[in-house]
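Okay, so here's the structure we're looking at.
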Amino acid sequence: LQEGTIDAMKSFAGTPVYMSPEVWGQEVGPASDQYSLASTYVELRQGRPVVRGRALEEVMVAHLDGSHELAGFIGPDERAVLARAMARRPEGRYPSCLAFVESLAESLGRGQRPRPGGARSTLPQTADPAGSVAAGSQA
């Protein structure tokens, strides 16, 4: 890598294995969070990060090249959602993290539950201590 790239890498904030391509170029925005969320989801889902590399430079290049490694058990619909959420360019990603999560839930065959005010949620529901049903809990 060129010396200028290494100098730039010294001044970023974030965990390299989850950092979007634009963060490596010191640009950050809501789409960067979506990329990191998708990267975190993949690691939880398959038990290993979406990019491989021991050295910082290897991790950076994998993100910049879009060299995402997904386990074989991740189906085509889920892969398509993840590919969009981790698109190389921010404008290729979902308009929001919520839109990403809803598409992900749909790709996994999860239905959406109505929330107060007519908004939709993919979160399951459970009862709170007062006996009412709350989003984020099991039904």
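Going from the sequence shown to my numbering is simple: count from 1 and add 1331.
All C-beta atoms in this analysis are idealised placements derived from N, C-alpha and C, irrespective of residue type, glycine included.
Item                                                                                                  : Value
Among Gly1423, Glu1422, Met1417 and Gly1356, the one whose alpha carbon lies nearest that of Ser1367  : Met1417
Coil, strand or helix - Pro1347 by DSSP                                                               : helix
Val1412 beta carbon near the ligand ATP (any heavy atom closer than 6 Å)                              : The model depicted lacks the ligand ATP and carries no ligand whatsoever.
For Leu1401, the nearest candidate out of Glu1374, Ser1434, Glu1437 and Val1359 (CA to CA)            : Glu1374
Neighbourhood of Met1340 by C-beta, 6 Å cutoff - its chain only, sequence neighbours within 5 removed : In this prediction, Met1340 has a pLDDT of 48, which is less than 50 and means its spatial position is unreliable; nothing more can be read from the coordinates.
Burial state of Leu1332 (16 or more Cβ within 10 Å)                                                   : The predicted position of Leu1332 is uncertain, since its pLDDT is 48 and thus under 50; a value taken from the coordinates is nonetheless stated next. Exposed: under 16 other Cβ atoms inside 10 Å.
Phe1431 (DSSP reduced to helix, strand or coil)                                                       : helix
Glu1365 to Val1354 span [Cα, whole Å]                                                                 : Note on identity: in this sequence residue 1365 is Gln, with Glu being the wrong assignment. Using only the alpha carbons, I get a separation of about 12 Å.
Proximity below 7 Å, CB of Pro1347 to CB of Val1390                                                   : yes
Alpha-carbon to alpha-carbon, Pro1380 and Leu1387                                                     : 14 Å
Alpha-carbon spacing of Glu1433 relative to Arg1424, whole angstroms                                  : 13 Å
Own chain, CB closer than 6 Å to Leu1435, minus 5 neighbours either side, in chain order              : Val1412
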